[in-house]
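Asks:
There are 2 protein chains.
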Amino acid sequence: MMDFDLKAYVAEKREIIDKALDKYLPPIDGMEGRVVEAARYSLFAGGKRLRPILCIAAHEACGGSSKALLPVACALEMIHTYSLIHDDLPAMDNDDFRRGKPTNHKVFGEAVAILAGDLLLTYAFELMAEHGLEDRSGTVMRVIHIIARASGFKGMVGGQMIDLACEGKEVDVPTVEYMHARKTGALITASVQAGAILAGASESEIERMGRYGRHLGLAFQITDDLLDVTGSFEEMGKTPGSDDRKGKRTYPFLVGIEESRRLAREHVERALDAISGYDDRANPLRAIAFYVLNRSS
Amino acid sequence: MMDFDLKAYVAEKREIIDKALDKYLPPIDGMEGRVVEAARYSLFAGGKRLRPILCIAAHEACGGSSKALLPVACALEMIHTYSLIHDDLPAMDNDDFRRGKPTNHKVFGEAVAILAGDLLLTYAFELMAEHGLEDRSGTVMRVIHIIARASGFKGMVGGQMIDLACEGKEVDVPTVEYMHARKTGALITASVQAGAILAGASESEIERMGRYGRHLGLAFQITDDLLDVTGSFEEMGKTPGSDDRKGKRTYPFLVGIEESRRLAREHVERALDAISGYDDRANPLRAIAFYVLNRSS
């Protein structure tokens, strides 16, 4: 495990994902080309591809080789990107920068940014369904179901609503955890589970992968909050301290930096514990968990 | 055919659809309850339920009895409603009224309105996938595919992008037709085809239903434009003449009221022609085509 080269693994997968995204959503001519251009702007703005990589890594850990894997992995990145575009809008978090670049609405205007988000969300489902047309096992349908569920009001939409409702208010740790479990945790969990489902994993395997995803997602959010406090513009790609300025209740704000670090460590340990029964094929998942922990310390 | 009571048929189907929508998306507690409330506000704001009714009518015309019909019909209404909420936003068409009521963002604010649209779009796919989990025929997957395609940049999102790009510009009839075929025609066509596909219809039947849907959709748009010129606030539920004020290129603006009426008639005739081979079970589809024609004259 200690020998595993995560950097090389991530670089290899990123290239595969980036090529596939470019193939699935090429630029188009015509008056509607502008909205595709806007969607591609955010899709290729330097995202880490965490969700598709998790999906692929879980698939490999479960010994899968599904033809629908890459379309589903790309769909996850499209849904993630749509949520960033909409969250950054002036009416929402009103962010000018994302990953060190001007946000979508800053470049294309609000109307096109809203549509670019809508495009990515609908196209994610089109892409998955297109690659599920010949599937008679029901696995692609199940994947569409858990991803739609994780994206909607039981997941990301619900989490963003709670986030908006909490701004400037006194909230406690359970509320913040509940919000993050939906806003970012749900799609991360769905990404890992989708990979497992496509591999034909058993129910108990899917449950274990879900547990890994939930704890990884929370650890990821805590370390994100920590980076917002301790990081620089270069590390973050956005203005540090912006969460605090907007009166957001982050982990460091609520429990302090040291306790936040301890919590992140605990969630990473639980994520690792969930996949302890897997062989070396789960090493990418293990290495990602360590990476999430170390990025903020 | 002349005896067919469309009013009773529509009232009966509307009740079934409204009850199902209420069951599928009930109000929820918690901080995320607000976004569900906002989604329900627009979902129950007096929509005609044209798309779900077309889906059901096509299903009946093809002799179907699929258990997934009602979820798919409701998903179509959710996608239609999401598109209205986003199109009405200040950054888009900036409309204050819709169906005689304040638009979503006027009541709930822009942030919640954007999220309510996102909720309805994602939930439509969740609902369809949930009712497709046991399907091994591939029909539900195909329905999800055509509906996603009709909603995205090849359909509604593309149409809205073209609409925005055309505002205040000189455009010709083919461009306007191209825009409408995407903005409203695509989902209407998908609604009819989804009903046929779920009924296990043959490829040539699905093609005929698609032809019916395309011409009905164009007729519907032309008569909508006509109502915007000739209708009152009571008939429209929005301020008449609003399209023209925004410099939109409508059919009456481009070819005059009489030629618009002739075009609407021609499209309705073609829609009727597409389903001429069907027995009495297609009478609801026929009556809907006549209704679309007559509402503006």
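Those sequence lines, one after another, are chains R and P.
Numbered per the numbering used here, the first sequence spans residues 15 to 311.
Numbered per the numbering used here, the second sequence spans residues 15 to 311.
For each residue, glycine too, the CB sits at the ideal point set by N, CA and C.
1) If contact is defined by three or more beta carbon pairs under 8 angstroms, each pair taking one atom from either stretch, is the segment 55-71 of chain R in contact with the segment 32-41 of chain R?
2) For the alpha helix (DSSP H) that contains residue 266 of chain R, what are its first and last residues?
3) Could you name the residues of chain R that residue 121 of chain P contacts, counting a contact when the two beta carbons are closer than 9 angstroms?
4) Judging by CA-CA distance, which residue of P/205, P/102, P/163, P/268 is the nearest neighbour of residue 188 of chain P?
5) By a C-beta neighbour count over all protein chains shown, 10 Å radius and 16 as the cutoff for buried, is residue 138 of chain R buried or exposed?
6) Name the residues in the segment 145-161 of chain R whose C-beta lies less than 9 angstroms from a C-beta of chain P; which are they?
7) For residue 112 of chain R, would you say it is in contact with chain P, using Cβ-to-Cβ distances shorter than 8 angstroms as the test?
8) Please check the pair residue 231 of chain R and residue 198 of chain R, which I expect to be a contact at CB under 8 angstroms, by giving their CB distance rounded to whole angstroms.
9) Do we get a CB-CB distance below 8 angstroms when we pair residue 132 of chain R with the residues of chain P?
10) Could you check the C-alpha separation between residue 130 of chain R and residue 307 of chain P for me, to the nearest Å?
11) According to the Cβ coordinates, are residue 172 of chain R and residue 201 of chain R closer than 8 angstroms?
12) Can you find at least 3 beta carbon pairs, one from the segment 231-241 of chain P and one from the segment 272-292 of chain P, that sit closer than 8 angstroms?
13) Please name the residues in the segment 183-210 of chain R whose beta-carbon is closer than 7 angstroms to at least one beta-carbon of chain P, in chain order.
14) Should residue 264 of chain R be listed as close to the ligand PLP, given that the test is whether its C-beta is under 7 angstroms from any heavy atom?
15) Between the segment 63-93 of chain P and chain R, which residues of the former have a C-beta closer than 8 angstroms to a C-beta of the latter?
16) So residue 113 of chain P packs on residue 102 of chain P, CB below 8 angstroms; how close in whole Å?
17) Contact criterion: CB-CB distance below 8 angstroms. Does residue 223 of chain P meet it with respect to chain R?
18) How should residue 266 of chain R be labelled, buried or exposed, when 16 other C-beta atoms within 10 angstroms of its C-beta is the threshold for buried?
19) Runs of 3 residues minimum, wholly inside the segment 194-218 of chain R: which ones carry the beta strand (DSSP E) assignment?
20) Of the residues P/264, P/29, P/81, P/20, which one's Cα is nearest the Cα of residue 182 of chain P?
21) At what residue ranges does the segment 93-129 of chain P contain a whole run of the beta strand (DSSP E), taking only runs of 3 or more?
22) Where does residue 6 of chain P fall in DSSP's three states?
23) Taking Cβ-Cβ distances shorter than 7 angstroms, what residues in chain P pair up with residue 163 of chain R?
24) Tell me whether residue 151 of chain P sits in a helix, a strand or coil according to DSSP, three-state version.
25) Give the interface partners of residue 48 of chain P over in chain R, defined as CB-CB distance under 7 angstroms, in chain order.
26) Compare the C-beta of residue 215 of chain R against all C-beta atoms of chain P and say whether one is closer than 8 angstroms.
27) Would you say residue 264 of chain P lies against chain R (beta-carbon separation less than 8 angstroms)?
28) With a threshold of 8 angstroms between beta carbons, is residue 167 of chain R in contact with chain P?
29) Looking only at C-alpha atoms, which of P/83, P/125, P/184 sits nearest to residue 153 of chain P?
30) Expressed to the nearest angstrom, what Euclidean distance is found between the alpha-carbon atoms of residue 136 of chain P and residue 162 of chain P?
31) Comparing C-alpha positions only, which one of P/128, P/155, P/156, P/107 sits nearest to residue 174 of chain P?
32) Show which residues of chain P have a CB atom less than 8 angstroms away from the CB atom of residue 137 of chain R.
33) Name the chain R residues whose beta carbon is nearer than 8 angstroms to that of residue 128 of chain P?
34) Contact criterion: CB-CB distance below 8 angstroms. Does residue 231 of chain P meet it with respect to chain R?
35) In angstroms with no decimal places, state the Cα-to-Cα distance between residue 243 of chain P and residue 110 of chain P.
36) Leaving out five residues on either side along the sequence, give the residues of the same chain with a beta carbon under 6 angstroms from the beta carbon of residue 227 of chain P.
Replies: Walking through what the data contain:
1) yes
2) Here residue 266 of chain R refers to the residue found at position 252 of the first sequence. First-last of the alpha helix (DSSP H) with residue 266 of chain R: 265-269.
3) Counting from 1 along the second sequence, the entry for residue 121 of chain P is found at position 107. None at all; the shortest Cβ gap to chain R is about 14 angstroms.
4) Taking the second sequence and counting its residues from 1, the one referred to as residue 188 of chain P is at position 174. Its Cα nearest to that of residue 188 of chain P, the residue P/268 stands out among P/205, P/102, P/163, P/268.
5) Residue mapping note: residue 138 of chain R aligns to position 124 of the first sequence, counting from 1. Counting Cβ neighbours within 10 Å, residue 138 of chain R comes out buried, since at least 16 surround it.
6) 146, 147, 148, 149, 150, 151, 152, 154, 155, 156, 157, 158, 159, 160, 161
7) Locating residue 112 of chain R in the first sequence gives position 98, where the first residue counts as 1. Residue 112 of chain R does not count as touching chain P.
8) To locate residue 231 of chain R, count along the first sequence from 1; it is residue 217. To locate residue 198 of chain R, count along the first sequence from 1; it is residue 184. With 8 angstroms as the limit, residue 231 of chain R and residue 198 of chain R qualify as a contact, their Cβ atoms being about 6 angstroms apart.
9) Within the first sequence, residue 132 of chain R is the residue found at index 118, counting from 1. Yes - at least one Cβ of chain P is within 8 angstroms of the one on residue 132 of chain R.
10) Along the first sequence, one-based indexing puts residue 130 of chain R at 116. Along the second sequence, one-based indexing puts residue 307 of chain P at 293. Taking the straight line joining both Cα atoms gives about 34 angstroms.
11) One-based indexing of the first sequence puts residue 172 of chain R at position 158. One-based indexing of the first sequence puts residue 201 of chain R at position 187. Going by C-beta atoms, residue 172 of chain R is not nearer than 8 angstroms to residue 201 of chain R.
12) Yes, the segment 231-241 of chain P is in contact with the segment 272-292 of chain P.
13) Residues of the segment 183-210 of chain R whose Cβ lies closer than 7 angstroms to any Cβ of chain P: none.
14) In terms of ligand content, the structure shown is empty, and the ligand PLP therefore cannot be addressed.
15) none
16) As a first step, residue 113 of chain P must be located in the second sequence, where it is residue number 99. As a first step, residue 102 of chain P must be located in the second sequence, where it is residue number 88. That pair is no contact at about 11 angstroms.
17) Your numbering for residue 223 of chain P matches position 209 in the second sequence. No, no contact with chain R.
18) In the first sequence, counting from the first residue as 1, residue 266 of chain R sits at position 252. The residue is buried, with at least 16 neighbouring Cβ atoms inside 10 Å.
19) none
20) Position 168 of the second sequence, counted from the first residue, corresponds to residue 182 of chain P. Ranking the options by Cα distance to residue 182 of chain P, first place goes to P/264.
21) You should have found no qualifying run.
22) As displayed, chain P neither begins before 15 nor continues past 311, which places residue 6 of chain P out of reach and without an answer.
23) Here residue 163 of chain R refers to the residue found at position 149 of the first sequence. By Cβ distance, chain P contributes 140.
24) If you number the second sequence from 1, residue 151 of chain P lands on position 137. For residue 151 of chain P, the secondary structure class from DSSP, reduced to helix, strand or coil, is coil.
25) The residue given as residue 48 of chain P occupies position 34 in the second sequence. The answer, in chain order, is 175, 179.
26) By 1-based counting over the first sequence, the position of residue 215 of chain R is 201. It does not; no Cβ of chain P falls within 8 angstroms.
27) Against the second sequence, residue 264 of chain P aligns to sequence position 250. False, the Cβ-Cβ gap to chain R never drops below 8 angstroms.
28) The residue given as residue 167 of chain R occupies position 153 in the first sequence. Yes - at least one Cβ of chain P is within 8 angstroms of the one on residue 167 of chain R.
29) As a position in the second sequence, residue 153 of chain P is number 139, starting the count at 1. Of the candidates P/83, P/125, P/184, the one whose C-alpha sits nearest the C-alpha of residue 153 of chain P is P/83.
30) Stepping through the second sequence from its first residue, residue 136 of chain P is reached at position 122. Stepping through the second sequence from its first residue, residue 162 of chain P is reached at position 148. Using only the alpha carbons, I get a separation of about 11 angstroms.
31) Here residue 174 of chain P corresponds to residue number 160 of the second sequence, with the count starting at 1. It is P/107 whose Cα lies nearest to the Cα of residue 174 of chain P.
32) Reading the first sequence from its first residue, position 123 is the one you call residue 137 of chain R. Chain P residues near residue 137 of chain R: 162, 166, 167.
33) Start at 1 with the first residue of the second sequence, and residue 128 of chain P comes out as number 114. Residues of chain R passing the Cβ test: 100, 103, 105, 106, 128.
34) Counting from 1 along the second sequence, the entry for residue 231 of chain P is found at position 217. It does not; no Cβ of chain R falls within 8 angstroms.
35) Residue 243 of chain P sits at position 229 when you count from the first residue of the second sequence. Residue 110 of chain P sits at position 96 when you count from the first residue of the second sequence. Approximately 18 angstroms, taken between the alpha carbons.
36) Walking along the second sequence from the start, residue 227 of chain P turns up at place 213. Closer than 6 angstroms at the Cβ level, and outside the excluded window around residue 227 of chain P, lie 202, 203, 206.
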